[in-house]
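Asker:
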Amino acid sequence: MFVDRDGTINPDLKYLRDADRLEVYRGVSEGVRLLREHGFLAVCVTNQSGVERGFYTEADVDRIHGRVNEILARGGTAIDRFYYCPHAPETGCRCRKPGTLLFERASAELGISFASSAILGDRSIDIEAGEKLGMLTVLVPSRGHEEEVLRECKERGVRPDLVAPSFRAGAARLLHRG
Ligand SMILES: [Mg+2]
Ligand SMILES: [Zn+2]
Numbered sequence: 000m001f002v003d004r005d006g007t008i009n010p011d012l013k014y015l016r017d018a019d020r021l022e023v024y025r026g027v028s029e030g031v032r033l034l035r036e037h038g039f040l041a042v043c044v045t046n047q048s049g050v051e052r053g054f055y056t057e058a059d060v061d062r063i064h065g066r067v068n069e070i071l072a073r074g075g076t077a078i079d080r081f082y083y084c085p086h087a088p089e090t091g092c093r094c095r096k097p098g099t100l101l102f103e104r105a106s107a108e109l110g111i112s113f114a115s116s117a118i119l120g121d122r123s124i125d126i127e128a129g130e131k132l133g134m135l136t137v138l139v140p141s142r143g144h145e146e147e148v149l150r151e152c153k154e155r156g157v158r159p160d161l162v163a164p165s166f167r168a169g170a171a172r173l174l175h176r177g
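Structure follows, in structure tokens:
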């Protein structure tokens with residue numbers, strides 16, 4: 000199970016550098032716990048162009064990911080693995096979503112089959128990456144951005160399989176769908 004980070008696990012604070020400012024949305028730890036209880040690995044794939052832009056370092060990113068897991072640990076769960084793209088869009092790498100390289104790496108390293116996995120994210124790029132790989136896609140627009148995100152999906156010709164109002168609801172619907 001793939002999950003996005005900014006706007007999905009935590010409010011998107013735009014180029015967050017300081018792990019102490021990180022907050023995790025309500026219900027995320029419960030959603031992650033549900034998914035893992037059903038046998039999924041929780042793999043976070045995130046674009047962090049702030050690294051190449053010089054806004055923060057890879058060590059800062061690692062600290063933030065450590066902090067996410069400290070917070071999730073209070074709910075008895077964790078993200079199993081984080082993958083991030085450090086590049087700016089101009090670099091034209093293959094790992095920046097909607098590129099699929101990080102998903103392919105995760106699939107190879109962790110033995111994840113796309114056909115039986117899914118992606119949950121707040122933006123069209125998450126859904127687009129999932130579609131390219133034949134995964135089930137779950138859109139969870141962050142609060143206040145619902146219309147903008149649905150419009151963005153339409154413009155880019157991507158169609159999420161499910162749309163849910165929260166991470167936890169998205170996880171639950173995904174599992175009920177079988
Ligand atoms: Mg996001
Ligand atoms: Zn990249």
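Going by numbering that gives the first Met the number 0, the sequence shown opens with residue 0, and the numbers climb by one from there. Glycine residues also receive a C-beta, built at the ideal position from the N, C-alpha and C atoms. What you are looking at is a predicted structure, and each value in this text was computed from that prediction instead of being measured.
#1: Compute every distance between the C-beta of P97 and the non-hydrogen atoms of ligand 2, then say whether any falls below 8 Å.
#2: If Y14 sits next to G49, beta carbons under 8 Å apart, how far is it from one beta carbon to the other, in whole angstroms?
#3: Over the uninterrupted alpha helix (DSSP H) stretch that includes L100, give me the two end residues.
#4: Just how far apart, CA to CA, sit V137 and E103?
#5: Can you name the start and end residues of the alpha helix (DSSP H) that V31 belongs to?
#6: Is any heavy atom of ligand 2 found at a distance shorter than 8 Å from the C-beta of T90?
#7: With DSSP as the reference, please indicate the residues paired to T136 in a beta bridge.
#8: Pick helix, strand or coil for T76, following the three-state DSSP scheme.
#9: Quick one: which unbroken alpha helix (DSSP H) runs of 4-plus residues sit fully inside the region 136-176? Chain order, please.
#10: Would you call the region 16-28 in contact with the region 51-63, where contact means no fewer than 3 C-beta pairs closer than 8 Å?
#11: When burial is assigned at 16 or more other CB atoms within 10 Å of the CB, is E147 buried or exposed?
#12: Taking 8 Å as the cut-off, is the beta-carbon of C94 closer than that to any non-hydrogen atom of ligand 2?
#13: Is any heavy atom in ligand 1 found nearer than 8 Å to the beta carbon of R122?
#14: Using a Cβ-Cβ cut-off of 6 Å (strictly less than) and excluding sequence neighbours within five positions of P140, which residues of its own chain qualify?
#15: For R73, which of V27, P164, G53, R80 has the nearest alpha-carbon?
#16: Spatial neighbours of E51 within its chain, please: C-beta separation below 8 Å, excluding the five flanking residues on both sides.
Answerer: Result, derived from the coordinates:
#1: On the sequence shown, residue 97 is found 98 positions in, with the first residue counted as 1. P97 Cβ: outside cutoff for every heavy atom of ligand 2.
#2: For the purposes of this step, residue 14 is taken as the residue at position 15 of the sequence shown. For the purposes of this step, residue 49 is taken as the residue at position 50 of the sequence shown. The pair is a contact, with the Cβ atoms about 4 Å apart (cut-off 8 Å).
#3: As a working mapping, residue 100 is identified with position 101 in the sequence shown. Its alpha helix (DSSP H) spans residues 100-109.
#4: For the purposes of this step, residue 137 is taken as residue 138 along the sequence shown, with counting starting at 1. For the purposes of this step, residue 103 is taken as residue 104 along the sequence shown, with counting starting at 1. In a straight line, the C-alpha of V137 is about 19 Å away from that of E103.
#5: Mapped onto the sequence shown, residue 31 falls at position 32. From DSSP, the alpha helix (DSSP H) with V31 extends over 27-36.
#6: Position 91 of the sequence shown, counted from the start, is the residue given in the question as residue 90. Yes, since a heavy atom of ligand 2 falls inside the 8 Å radius drawn around the Cβ of T90.
#7: Translated into positions along the sequence shown, residue 136 becomes position 137. For T136, which the question treats as bridged, DSSP gives the partners I118.
#8: As a first step, residue 76 is located in the sequence shown; it is residue number 77 there, counting from the start. Coil, per DSSP.
#9: 145-155, 166-175
#10: yes
#11: As a working mapping, residue 147 is identified with position 148 in the sequence shown. Exposed is the call here.
#12: Taking the first residue of the sequence shown as 1, we reach residue 94 at position 95. Yes, the beta carbon of C94 sits closer than 8 Å to at least one heavy atom of ligand 2.
#13: Position 123 of the sequence shown, counting from 1, holds the residue named residue 122. Checking the Cβ of R122 against ligand 1 gives yes.
#14: In the sequence shown, residue 140 corresponds to position 141, counting from 1. These residues qualify, in order along the chain: D121, V148.
#15: By one-based count along the sequence shown, residue 73 stands at place 74. It is V27.
#16: Translated into the one-based positions of the sequence shown, residue 51 becomes position 52. Closer than 8 Å at the Cβ level, and outside the excluded window around E51, lie P85, H86, A87, T90.
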